[in-house]
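These protein sequence lines map, in sequence, to chains A and B. At position 58 of the first sequence (counting the first as 1) the number is 92 in our numbering, and the numbers step up by one without a gap. At position 20 of the second sequence (counting the first as 1) the number is 41 in our numbering, and the numbers step up by one without a gap. Structure first, commentary second.
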Amino acid sequence: MSFLGRSLASLLSEGAVGNEVFEFFMKRIRTYDDKIHAFVPGGIADIFSAAKTGVLCGLPLALKDNIVTANLPTTASSKILEGYISPYDATVVTGLQTAGASFLGKTNLDAWAHGSSTEASDFGPTSNPYNLERVPGGSSGGSAAAVAAGLAPAAIGTETAGSIRLPAAWCGVVGLKPTYGRVSRYGIIAMGSSWDCPGPITQTVEDAALLLEVIAGQDPKDATSMSIPVEKWSKLLKTEKKLTIGYADEYFKDVDPEIMASVENAMHALEDRGHTLKKITMLDPKYAISVYMILQRAEVSSNLARYTGVRYGMNRTAFGKEAKKRIILGAFVLSSGYVDEYYKKAAKVRYLLAQDFKKAFEDVDVILAPTTPVTATRIGDADAYAFFGEMMDVLTEPAAAAGIPAISIPAGLSEAGLPIGVQLMGKHFDETTVLQIAYQLEQDLAFDRQAIFEKYA
Amino acid sequence: MSHLTPDDIQKLAQLSNLELTSDDIKDLPQQLAKSLDYVENLKDIQTDNVPASHFTTSAKNVMAEDIVDESIMLTSSTALKNASNKKGSYFIVKRIL
Numbered sequence: 035m036s037f038l039g040r041s042l043a044s045l046l047s048e049g050a051v052g053n054e055v056f057e058f059f060m061k062r063i064r065t066y067d068d069k070i071h072a073f074v075p076g077g078i079a080d081i082f083s084a085a086k087t088g089v090l091c092g093l094p095l096a097l098k099d100n101i102v103t104a105n106l107p108t109t110a111s112s113k114i115l116e117g118y119i120s121p122y123d124a125t126v127v128t129g130l131q132t133a134g135a136s137f138l139g140k141t142n143l144d145a146w147a148h149g150s151s152t153e154a155s156d157f158g159p160t161s162n163p164y165n166l167e168r169v170p171g172g173s174s175g176g177s178a179a180a181v182a183a184g185l186a187p188a189a190i191g192t193e194t195a196g197s198i199r200l201p202a203a204w205c206g207v208v209g210l211k212p213t214y215g216r217v218s219r220y221g222i223i224a225m226g227s228s229w230d231c232p233g234p235i236t237q238t239v240e241d242a243a244l245l246l247e248v249i250a251g252q253d254p255k256d257a258t259s260m261s262i263p264v265e266k267w268s269k270l271l272k273t274e275k276k277l278t279i280g281y282a283d284e285y286f287k288d289v290d291p292e293i294m295a296s297v298e299n300a301m302h303a304l305e306d307r308g309h310t311l312k313k314i315t316m317l318d319p320k321y322a323i324s325v326y327m328i329l330q331r332a333e334v335s336s337n338l339a340r341y342t343g344v345r346y347g348m349n350r351t352a353f354g355k356e357a358k359k360r361i362i363l364g365a366f367v368l369s370s371g372y373v374d375e376y377y378k379k380a381a382k383v384r385y386l387l388a389q390d391f392k393k394a395f396e397d398v399d400v401i402l403a404p405t406t407p408v409t410a411t412r413i414g415d416a417d418a419y420a421f422f423g424e425m426m427d428v429l430t431e432p433a434a435a436a437g438i439p440a441i442s443i444p445a446g447l448s449e450a451g452l453p454i455g456v457q458l459m460g461k462h463f464d465e466t467t468v469l470q471i472a473y474q475l476e477q478d479l480a481f482d483r484q485a486i487f488e489k490y491a
Numbered sequence: 022m023s024h025l026t027p028d029d030i031q032k033l034a035q036l037s038n039l040e041l042t043s044d045d046i047k048d049l050p051q052q053l054a055k056s057l058d059y060v061e062n063l064k065d066i067q068t069d070n071v072p073a074s075h076f077t078t079s080a081k082n083v084m085a086e087d088i089v090d091e092s093i094m095l096t097s098s099t100a101l102k103n104a105s106n107k108k109g110s111y112f113i114v115k116r117i118l
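Written out as structure tokens, the structure is:
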């Protein structure tokens with residue numbers, strides 16, 4: 035029986051049995067992952083182990099390899115942690131297991147999640163299933179590629195500033211970055227601690243809602259997680275409410291015309307449904323690049339200080355080029371004499387970015403924008419940029435800086451056959467509206483996510 | 022505008038406990054200069070009297086009683102499991118003094 039292209043929700047409604055579904059996808063991983071490299075070496079589970087009960091009834095997922103697991107190695111795609119086995123599970127892992135999820139394996143990322151192409155993995159790049167010479171985006175590139183190619187029915191990624199939405203856009207899948215504090219960071223290998231947020235990468239908006247229900251909630255082990263009620267989002271998707279959707283020219287600047295055509299198409303679809311479009315003015319996203327470049331580097335220099343080779347992993351000589359570059363810049367922006375000019379200045383502009391959204395949400399319910407300025411780049415292109423990730427993440431960084439929820443859904447294919455994503459950003463903890471509008475758009479845009487499977491069948 | 026010299030980079034590497042290769046020392050000043058030039062754009066924005074935001078939600082400090090929670094403790098053998106250099110129930114570290 036083929037489970038290819040079935041969403042989690044449809045597998046559940048068909049009563050698909052966990053271990054059969056697991057074996058089906060495991061076979062696909064063994065057949066096709068040699069081409070795609072969505073999974074990290076040594077990171078494939080092989081054995082089905084889950085209760086066939088709970089909300090997820092044993093259904094298999096892929097996990098980004100910066101989420102610690104006690105039963106599988108966790109490397110964050112870094113040589114430093116090669117072979118590392120965590121003594122404990124991340125809270126999202128425990129939550130998913132309690133809900134009956136099984137795990138197919140751990141997916142590739144830019145080492146330490148430093149990047150937006152998955153090329154900076156110490157274990158080599160992942161390929162975009164739509165074109166193997168292209169990158170899947172990153173840093174959750176392995177998770178997005180696995181879902182796009184039908185190697186996993188859904189996956190969990192993490193986002194600091196674009197790392198869920200960008201690979202989702204470039205691989206033609208759905209990626210939801212929840213509100214910061216909505217999902218526990220406990221057991222996520224820390225990168226930018228005031229930004230990091232785990233979230234689902236799925237085939238459908240409904241599945242993103244379903245997985246969010248499982249992973250969201252306050253966790254005593256993460257003091258930044260918040261006590262906000264967890265909704266049954268998968269049951270709240272249908273609504274008749276007419277909303278005001280904001281859009282801002284600042285997010286359309288320098289965006290590829292083919293992507294803009296998809297955004298306009300999405301705008302028309304929303305209007306046709308009776309929603310009101312409203313043009314708003316936002317701070318130029320280029321400032322979010324600078325805020326991110328300073329604050330993230332600062333947090334990285336602190337977070338990666340723990341890798342000394344004493345308690346686990348190799349010593350600091352095993353850091354790759356990108357990690358060293360980020361640590362050094364982070365140490366600089368925090369250093370005496372420069373901390374005001376860089377770190378404190380960036381923290382103030384971050385405040386203004388958050389206020390900018392707050393003000394916008396006085397007039398609109400959600401904001402629509404392209405997810406990325408261009409479609410997936412070629413493997414190797416990133417080398418030509420001093421900070422490739424930041425340039426590609428320009429449209430996802432402001433929401434990440436403000437900590438608001440945002441979702442990217444597929445909106446079409448470019449002439450070159452590469453997926454295009456549009457994103458919806460919402461108010462703090464208003465995942466409900468973000469998911470509702472995304473669900474409507476998903477139906478209107480009717481992206482054919484199954485066509486790609488012909489290449490892997 | 023701040024530009025980092027190879028000496029500055031060496032100093033930061035030393036503070037960060039990183040050993041740089043000769044390629045790093047050659048490439049990093051130029052690469053970091055590009056980042057530092059880019060972030061100059063923040064000067065466009067007036068931030069006098071603007072508070073710094075280190076945190077984006079309304080979460081407050083979480084207080085807890087200072088009691089031992091054994092459910093989240095690791096045994097010493099588990100804690101030492103991934104260490105490359107250990108003796109008995111100790112991690113062996115480089116001599117500091």
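Every residue gets a Cβ at the ideal spot worked out from N, C-alpha and C, and that includes glycine.
Distance between beta carbons of residue j and residue i, contact taken as under 8 Å
{"i": "D99 (chain A)", "j": "T87 (chain A)", "result": "Contact flag wrong, Cβ pair sits at about 27 Å."}
{"i": "L143 (chain A)", "j": "S120 (chain A)", "result": "Not quite, the Cβ-Cβ distance comes to about 16 Å (not below 8 Å), so this is no contact."}
{"i": "G39 (chain A)", "j": "F481 (chain A)", "result": "About 12 Å; that fails the 8 Å criterion."}
{"i": "V169 (chain A)", "j": "A410 (chain A)", "result": "6 Å"}
{"i": "L577 (chain A)", "j": "I279 (chain A)", "result": "In the structure displayed, chain A extends from 35 to 491; residue 577 (chain A) sits before or after that span and is not available."}
CB contact flag (residue i, residue j, <7 Å)
{"i": "L244 (chain A)", "j": "A186 (chain A)", "result": "no"}
{"i": "K272 (chain A)", "j": "H309 (chain A)", "result": "no"}
{"i": "I114 (chain A)", "j": "Y341 (chain A)", "result": "yes"}
{"i": "N70 (chain B)", "j": "S324 (chain A)", "result": "no"}
{"i": "A202 (chain A)", "j": "A180 (chain A)", "result": "no"}
{"i": "E431 (chain A)", "j": "A154 (chain A)", "result": "no"}
{"i": "L452 (chain A)", "j": "Y164 (chain A)", "result": "yes"}
{"i": "V383 (chain A)", "j": "Y376 (chain A)", "result": "no"}
{"i": "L33 (chain B)", "j": "A365 (chain A)", "result": "yes"}
{"i": "G455 (chain A)", "j": "V400 (chain A)", "result": "no"}
{"i": "K255 (chain A)", "j": "L39 (chain B)", "result": "no"}
{"i": "P232 (chain A)", "j": "A242 (chain A)", "result": "no"}
{"i": "L97 (chain A)", "j": "I223 (chain A)", "result": "no"}
Range covered by the alpha helix (DSSP H) that runs through residue i
{"i": "I471 (chain A)", "result": "465 to 479"}
{"i": "M459 (chain A)", "result": "Taken as a continuous stretch (DSSP letters only), M459 (chain A) belongs to no alpha helix (DSSP H), being part of the beta strand (DSSP E) at 453 to 460."}
{"i": "Y321 (chain A)", "result": "320 to 337"}
{"i": "K69 (chain A)", "result": "52 to 70"}
{"i": "K358 (chain A)", "result": "355 to 367"}
{"i": "F73 (chain A)", "result": "From DSSP, F73 (chain A) is part of no alpha helix (DSSP H) but of the beta strand (DSSP E) over 73 to 78."}
{"i": "T108 (chain A)", "result": "That residue, T108 (chain A), is in no alpha helix (DSSP H); it is neither H nor E in DSSP."}
{"i": "L210 (chain A)", "result": "Counting along the chain, L210 (chain A) falls outside any alpha helix (DSSP H), though it belongs to the beta strand (DSSP E) covering 208 to 211."}
{"i": "I46 (chain B)", "result": "43 to 59"}
Contact with chain D by residue i, beta-carbon distance below 7 Å
{"i": "P72 (chain B)", "result": "In the structure shown, chain D cannot be found, because the protein chains are A and B."}
Run of the beta strand (DSSP E) containing residue i, from where it starts to where it stops
{"i": "K312 (chain A)", "result": "310 to 314"}
{"i": "C231 (chain A)", "result": "231 to 236"}
{"i": "F137 (chain A)", "result": "136 to 141"}
{"i": "Y281 (chain A)", "result": "278 to 282"}
{"i": "P444 (chain A)", "result": "440 to 447"}
Cutoff 7 Å: residue i Cβ touching any chain B Cβ
{"i": "P121 (chain A)", "result": "yes"}
{"i": "F14 (chain A)", "result": "The structure shown has nothing for residue 14 (chain A), since chain A only spans 35 to 491."}
{"i": "I361 (chain A)", "result": "yes"}
{"i": "K358 (chain A)", "result": "yes"}
{"i": "I101 (chain A)", "result": "no"}
{"i": "I328 (chain A)", "result": "yes"}
{"i": "M260 (chain A)", "result": "yes"}
{"i": "G215 (chain A)", "result": "yes"}
{"i": "A257 (chain A)", "result": "yes"}
Beta carbon proximity, residue i to chain A, threshold 7 Å
{"i": "I66 (chain B)", "result": "yes"}
{"i": "Q52 (chain B)", "result": "yes"}
{"i": "E40 (chain B)", "result": "yes"}
{"i": "T99 (chain B)", "result": "yes"}
{"i": "K55 (chain B)", "result": "yes"}
{"i": "S124 (chain B)", "result": "The requested residue 124 (chain B) does not occur in the structure, where chain B is confined to residues 22 to 118."}
{"i": "L95 (chain B)", "result": "yes"}
{"i": "L33 (chain B)", "result": "yes"}
Closer than 6 Å: residue i CB and nearest the ligand ZN heavy atom
{"i": "R199 (chain A)", "result": "The ligand ZN is not part of this structure, which contains no ligands at all."}
- Item | Against chain B: residues of the segment 332 to 353 of chain A by CB proximity under 9 Å | S335, L338, A339, T342, G343, V344, R345, Y346, G347, M348, N349, R350, T351, F353
- Task: Using a Cβ-Cβ cut-off of less than 8 Å, give me the residues of the segment 133 to 152 of chain A that come near chain B, in sequence order.
- Result: Hits within the stretch: zero.
- Of all the residues that make up the segment 73 to 88 of chain B, which are near chain A by a beta-carbon distance shorter than 7 Å? A73, S74, H75, F76, T77, T78, A80, V83
- Message: So if I threshold CB-CB distances at 9 Å, which residues from the segment 301 to 323 of chain A count as touching chain B?
- Response: For the segment 301 to 323 of chain A, which is checked against every Cβ of chain B, the residues closer than 9 Å are L317, D318, K320, Y321, I323.
- Query: Quick one, which residues of the segment 378 to 398 of chain A are near chain B if we go by CB-CB under 7 Å, in chain order?
  - Reply: K378, K379, A380, A381, K382, V383, R384, Y385, L386, A388
- Item | Residues of the segment 413 to 444 of chain A with Cβ closer than 7 Å to any Cβ of chain B, in chain order | A420, F421, A436, G437
- Item | Within 7 Å of chain B by C-beta, residues of the segment 218 to 238 of chain A in sequence order | S228
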